[in-house]
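Asker: Below is the structure I would like to discuss, written out as structure tokens.
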Amino acid sequence: MTGLSKIGLESAQKEIGNDAIVVSSDARSLTDIDALAAQVKAEFDIIDLLFVNAGFSIPTPLANVTEAIYDEMFNLNAKGPFFAVQKLAPLFNRGGSVVLTTSVANVKGLPGQATYGAAKAALRSFARVLAVELLPQEIRVNAVSPGPIDTGILEKVFPTEEMRTQVKGHTVGINPMKRFGTSEEIAKAVLFLAFDATFTNGADLPVDGGWSQL
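Written as structure tokens, this is what we have:
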């Protein structure tokens with residue numbers, strides 16, 4: 007398990023237990039990705055699953071998007087995942103699986119999400135192409151596409167309680183199932199794609215309460 011937050015990594019280590027190895031790694035940094043691949047090879051030699059979950063949105067209207075925001079969205083949401091797969095693919099056991107995390111934003115026209123949605127759409131395209139390229143190694147590549155998930159991310163994106171309440175109310179109101187999803191529901195979808203869906207390749211599985219479909 008990797009992450010940039012020391013507190014987050016320590017919390018994950020405590021919850022999962024000492025059998026898990028946590029690594030401080032910046033998903034945007036090719037140097038860190040290279041170091042991660044080297045550590046994985048040293049610790050495990052081969053792997054069965056790569057779940058690429060790093061991602062973040064900075065909601066910004068078109069007129070306010072800067073080059074820095076544009077680059078940040080693509081570096082974290084598209085470039086980092088692409089090179090993570092590239093560097094770790096040689097370590098895969100035959101029959102292994104890659105699961106990428108896209109977003110409902112790659113198919114919905116969400117205001118303020120132009121750069122985030124485009125970066126996630128690029129990641130969805132990567133899933134298709136990499137699924138073809140990695141077929142000779144018998145590695146399947148799929149994606150899970152979350153809708154609104156209650157992860158606490160709104161507290162980081164929206165600075166005031168009033169804004170968070172407004173966004174939550176609007177989001178629940180337009181979702182067919184009238185609620186947020188949970189991290190556990192995403193985890194179940196990832197495990198399904200990784201291990202049970204053995205005849206599924208290049209797919210993007212919506213886990214969004216029907217938002218992108220209904």
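Letter 128 of the sequence shown, counting from 1, is numbered 134 in the working numbering, and no numbers are missing.
Quick reminder that beta carbons are idealized off the backbone N, C-alpha and C, glycines included.
1) In the DSSP output, what is phenylalanine 98 paired with across the bridge?
2) To which residues of the same chain is leucine 220 closer than 7 Å at the C-beta, ignoring the five residues directly before and after it?
3) Smallest Cα separation from alanine 124: which of Val110, Ala137, Leu136?
4) Using 8 Å as the Cβ pair cut-off and three pairs as the minimum, do the stretch 187–195 and the stretch 141–152 touch?
5) Are there any heavy atoms of the ligand MN lying less than 7 Å away from the beta-carbon of methionine 7, as far as the coordinates show?
6) On the DSSP letters alone, give me the boundaries of the beta strand (DSSP E) that leucine 211 sits inside.
7) What are the residues that DSSP puts in a beta bridge with proline 152?
8) Quick one: which unbroken beta strand (DSSP E) runs of 3-plus residues sit fully inside the stretch 119–146? Chain order, please.
9) Mapping DSSP to helix, strand and coil, what is glycine 9?
10) Which one of Leu42, Phe205, Gln119 has the shortest CA to CA distance from leucine 56?
11) Where does glycine 23 fall in DSSP's three states?
12) Determine the direct distance from the alpha carbon of histidine 176 to that of proline 96, and round the result to whole angstroms.
13) Tell me the DSSP secondary structure of serine 189 in three-state form.
14) Who are the near neighbours of glutamate 161 in its chain, counting only those whose CB is closer than 8 Å to its CB and skipping five residues on each side?
15) From isoleucine 39 to leucine 106, what does the alpha carbon distance come to, in whole angstroms?
16) Less than 8 Å separating the beta-carbons of valine 163 and proline 67?
17) Can you name the residues that DSSP bridges to valine 29?
18) Let me know the secondary structure DSSP gives leucine 197 once reduced to three states.
19) Please state whether DSSP places threonine 37 in a helix, a strand or coil.
Answerer: On the basis of the data shown:
1) When beta bridges are read from the DSSP output, phenylalanine 98 appears opposite Ile53.
2) Short of 7 Å from the beta carbon of leucine 220, and not among the five residues preceding or following it, lie these beta carbons of its own chain, in chain order: Pro182.
3) Taking the Cα of alanine 124 as reference, the smallest distance to any Cα among Val110, Ala137, Leu136 is reached at Val110.
4) Yes, the stretch 187–195 is in contact with the stretch 141–152.
5) In the structure shown, the ligand MN is absent, as is every other ligand, since no ligand is present at all.
6) Counting along the chain, the beta strand (DSSP E) containing leucine 211 begins and ends at 210–213.
7) Val213.
8) Secondary structure within the stretch 119–146: not one fully enclosed beta strand (DSSP E) run of 3 or more consecutive residues is present.
9) DSSP places glycine 9 in the strand class (E or B) of the three-state scheme.
10) With distances taken between CA atoms, leucine 56 lies nearest to Leu42 out of Leu42, Phe205, Gln119.
11) Correct three-state label for glycine 23: coil.
12) C-alpha separation (whole angstroms): 44 Å.
13) The answer is helix: DSSP assigns serine 189 an H, G or I state.
14) Arg170.
15) It is roughly 16 Å from the alpha-carbon of isoleucine 39 to the alpha-carbon of leucine 106.
16) With contacts defined as CB atoms closer than 8 Å, valine 163 and proline 67 fail to qualify as a contacting pair.
17) For valine 29, which the question treats as bridged, DSSP gives the partners Thr8.
18) Three-state result, leucine 197: helix.
19) DSSP, read as helix, strand or coil, puts threonine 37 in helix.
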